[in-house]
Amino acid sequence: MIKIRTYFICLSVLFSLNACQSLETLSIDYLVPAEISFPSNLKRIAVVNNTSAVPDSNIINVPQKKEPLLVNELKKSTTYFWGDAAIATESLANGLAGANYFNEVVICDSALRANDVILRENTLSKSEVEELCRKLDVDLLISLENLQIKAVKTVKFMPDWNVFLATTDARVFTSVKAYLPKRNGAMASLVLNDSIFWEEGASTETSAMAQLIKDEELIRQTSDFGGTIPVNKLTPSWKTSQRFYYSNGSVDMRDAAVYVREQEWEKAFELWQKEYQQSKSKKVKMRTALNSALYYEMQDSIPQAVEWATIAQNLADEVEKATTKMKEKKSIYTFPNYFSISVYLSDLSERMSNIAKLNMQMDRFKDDF
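Residue numbers (our numbering): 5 to 373.
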């Protein structure tokens, strides 16, 4: 959210101070690799529940320490629960299926560790993985290994509103592993956490206490939410970003902008390169270098896009003396092109880093596929 807001600030700065140079904006969609990436030949996966069966009580006995009440707080309690692994496993399977990345996602409903006497995390053995993959006819296992919840329930009085608030902040800790039949141990592990929040108002403290979510419902909803957390880490996702390019300053720049609107990027790129090579103006070179970076990004040639964006950034620094102004703590409004191009270059660099990370993962696991 911060990066998106910063980027729009950049565009507003450019538009407000550089109207004469005519900026155009467009939206692009690109695929962000998952934290754990899998090759395209993995068509069928199974989601399995590898947690131990919890006791009759879902409450985890943790030594309680009395927490001091904050301003306006009347009552507060913290409780730890075992999550409902069956609900989380189904939620995880549905989320992975909804991502439309794998051809088929199947779910193993029964807990693999249902007969455990002691609660534990236990990595599946190679033979167990091979047997499950054979029985389920899948190429990969995604296993839910652990699910725990920390819930903080609070009742507070808000004098400005003359109302009592009942709030519950539940943080769920989800542990998953990915297994391949040819590999000893898990190929990858994720330990994630996120929170879900409830708030209800009431006219009295007693009625506020009654509004607090019941433990059974808290476990159900939080477990369902906990199953969704790993989805974006296991499947790529689409991201929409705003981009800008310079569209004025010469006949060729205006013609190139027309080509962009008509999606004829090759013709636009030819004109930008012509301007870059022929012009002696650093400002013109800066604009055409930035536009060339956008062209390469549209072709998914991110290293070349980074190269041209870096050229544009260096030229903007020379034109606007940005480095000097930053040392003098001048406002970003005094070097708008440098600032905006730098944010764009940062975004491109992140994309290139994600691609490098994906390639490293594929190299690391190529012998397993």
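For each residue, glycine too, the CB sits at the ideal point set by N, CA and C. Quick caveat: nothing in here was measured; it's all calculated off a predicted structure.
Whole-angstrom distance between Met356 and Phe106, CA atom to CA atom: On the sequence shown, residue 106 is found 102 positions in, with the first residue counted as 1. On the sequence shown, residue 356 is found 352 positions in, with the first residue counted as 1. The straight-line gap from Cα to Cα measures roughly 24 Å.
Next on the checklist: Taking a contact to mean a Cβ-Cβ separation below 8 Å, would you say Gly102 touches Val176 in this structure?
Outcome noted: The residue given as residue 102 occupies position 98 in the sequence shown. The residue given as residue 176 occupies position 172 in the sequence shown. Between Gly102 and Val176, the C-beta gap is not smaller than 8 Å, which leaves the two residues out of contact.
Exposed or buried, what is Lys333 when buried is set at 16 or more other beta-carbons lying within 10 Å of its beta-carbon?
-> Taking the sequence shown and counting its residues from 1, one reaches residue 333 at position 329. Under this definition Lys333 is an exposed residue.
What's the C-alpha gap between Asp173 and Thr83?
Here the question's residue 173 lines up with position 169 in the sequence shown. Here the question's residue 83 lines up with position 79 in the sequence shown. Rounded to whole angstroms, Asp173 to Thr83 spans 11 Å at the Cα level.
Span of the alpha helix (DSSP H) around Gln225: Against the sequence shown, residue 225 aligns to sequence position 221. It spans Asp219 to Thr232 - the alpha helix (DSSP H) in which Gln225 sits, taken as one unbroken run.
Could you tell me if the beta carbon of Tyr263 falls within a distance shorter than 7 Å of some heavy atom in the ligand ATP?
-> This structure simply doesn't include the ligand ATP, nor any ligand for that matter.
- Message: Taking the straight line between their C-alpha atoms, what separation do you get for Glu108 and Lys47?
- Response: Stepping through the sequence shown from its first residue, residue 108 is reached at position 104. Stepping through the sequence shown from its first residue, residue 47 is reached at position 43. The C-alpha of Glu108 lies about 7 Å from the C-alpha of Lys47.
With C-beta atoms as the reference, is Phe248 less than 8 Å away from Glu28?
Your numbering for residue 248 matches position 244 in the sequence shown. Your numbering for residue 28 matches position 24 in the sequence shown. Yes.
message = Would Ala316 and Ala297 be called neighbours here (beta carbons separated by less than 8 Å)?
response = Counted from its first residue, the sequence shown places residue 316 at position 312. Counted from its first residue, the sequence shown places residue 297 at position 293. Yes, Cβ-Cβ distance for Ala316 and Ala297 is below 8 Å.
Boundaries (first-last residue) of the alpha helix (DSSP H) holding Ala297: Here residue 297 refers to the residue found at position 293 of the sequence shown. Looking at the DSSP string, the run of the alpha helix (DSSP H) that includes Ala297 is Lys286 to Met302.
Checklist entry - If you draw a straight line from the alpha carbon of Glu322 to that of Lys329, how long is it in whole angstroms? => result In the sequence shown, the residue the question calls residue 322 occupies position 318. In the sequence shown, the residue the question calls residue 329 occupies position 325. The alpha-carbon atoms of Glu322 and Lys329 are separated by roughly 11 Å.
For Gln246, report the span of its beta strand (DSSP E) as first-last.
For the purposes of this step, residue 246 is taken as residue 242 along the sequence shown, with counting starting at 1. First-last of the beta strand (DSSP E) with Gln246: Ser241 to Tyr250.
**Asked** Going by beta carbon distance, what residues of the same chain come within less than 6 Å of Ser326, once the five residues before and after it are set aside?
**Response** Within the sequence shown, numbered from 1, the residue matching residue 326 stands at position 322. Per the sequence shown, residue 326 should be read as Ala rather than Ser. The answer, listed in chain order, is Phe339 and Tyr342.
_With a threshold of 8 Å between beta carbons, is Ser353 in contact with chain B?_
Annotation note: the requested chain B is absent from the structure, which comprises a single protein chain.
CA-to-CA distance, Ser241 to Arg291, given in whole angstroms: Taking the first residue of the sequence shown as 1, we reach residue 291 at position 287. Taking the first residue of the sequence shown as 1, we reach residue 241 at position 237. Their Cα atoms are separated by approximately 31 Å.
What is the DSSP secondary structure of Gly189, counted as helix, strand or coil?
Residue 189 sits at position 185 when you count from the first residue of the sequence shown. If DSSP states are grouped into helix, strand and coil, Gly189 belongs with coil.
- Message: Tell me which residues share the same chain as Val288 and place their Cβ nearer than 7 Å to its Cβ, disregarding the 5 neighbours each side in the sequence.
- Response: Here the question's residue 288 lines up with position 284 in the sequence shown. Result list for Val288: Gly253 and Glu279, in chain order.
TODO: Determine the direct distance from the alpha carbon of Ile223 to that of Leu216, and round the result to whole angstroms.
DONE: Locating residue 216 in the sequence shown gives position 212, counting from the first residue. Locating residue 223 in the sequence shown gives position 219, counting from the first residue. Straight-line Cα distance between these residues: approximately 13 Å.
As assigned by DSSP and simplified to three states, the class of Lys333: Numbered from 1 along the sequence shown, position 329 holds the residue referred to as residue 333. Coil.
Reduced DSSP secondary structure (H/G/I, E/B, other) of Asp141: Your numbering for residue 141 matches position 137 in the sequence shown. If DSSP states are grouped into helix, strand and coil, Asp141 belongs with coil.
Applying the criterion that 16 or more other CB atoms from any shown protein chain within 10 Å of the CB defines a buried residue, is Gly189 buried or exposed?
By 1-based counting over the sequence shown, the position of residue 189 is 185. Exposed: under 16 other Cβ atoms inside 10 Å.
Taking the beta carbon of Glu135 as the centre, do at least 16 other beta carbons fall within 10 Å, making it buried, or is it exposed? Position 131 of the sequence shown, counted from the first residue, corresponds to residue 135. Flag for Glu135 reads exposed.
For Ser179, the first and last residue of its enclosing beta strand (DSSP E): Here residue 179 refers to the residue found at position 175 when the sequence shown is read from its first residue. Ser179 -> beta strand (DSSP E) spans Val167 to Tyr183.
*asked:* I'd like to check one pair, Asp198 with Ile233: are the Cβ atoms closer than 8 Å?
replied: By one-based count along the sequence shown, residue 233 stands at place 229. By one-based count along the sequence shown, residue 198 stands at place 194. Yes, the Cβ-Cβ distance between Ile233 and Asp198 is below 8 Å.
### Query
If you compare alpha carbons, which of Met302, Thr314 and Asn62 is closest to Ala155?
Position 151 of the sequence shown, counting from 1, holds the residue named residue 155. Checking every option, the nearest Cα to that of Ala155 belongs to Asn62.
| Span of the alpha helix (DSSP H) around Val235 | For the purposes of this step, residue 235 is taken as residue 231 along the sequence shown, with counting starting at 1. It spans Val235 to Leu238 - the alpha helix (DSSP H) in which Val235 sits, taken as one unbroken run.
query: Is it right to say Glu301 is buried, meaning 16 or more other beta carbons lie within 10 angstroms of its own, or is it exposed?
result: Locating residue 301 in the sequence shown gives position 297, where the first residue counts as 1. Buried is the call here.
State yes or no: is the C-beta of Tyr299 within less than 8 Å of the C-beta of Phe273?
Locating residue 299 in the sequence shown gives position 295, counting from the first residue. Locating residue 273 in the sequence shown gives position 269, counting from the first residue. Their beta carbons are under 8 Å apart, which means Tyr299 touches Phe273 by this criterion.
Check: In terms of alpha-carbon separation, which member of Asn236, Lys79 and Asn53 lies closest to Val87?
Finding: In the sequence shown, the residue the question calls residue 87 occupies position 83. According to the sequence displayed, residue 87 carries Gly and not Val. Selected option, being the one with the closest Cα: Asn53.
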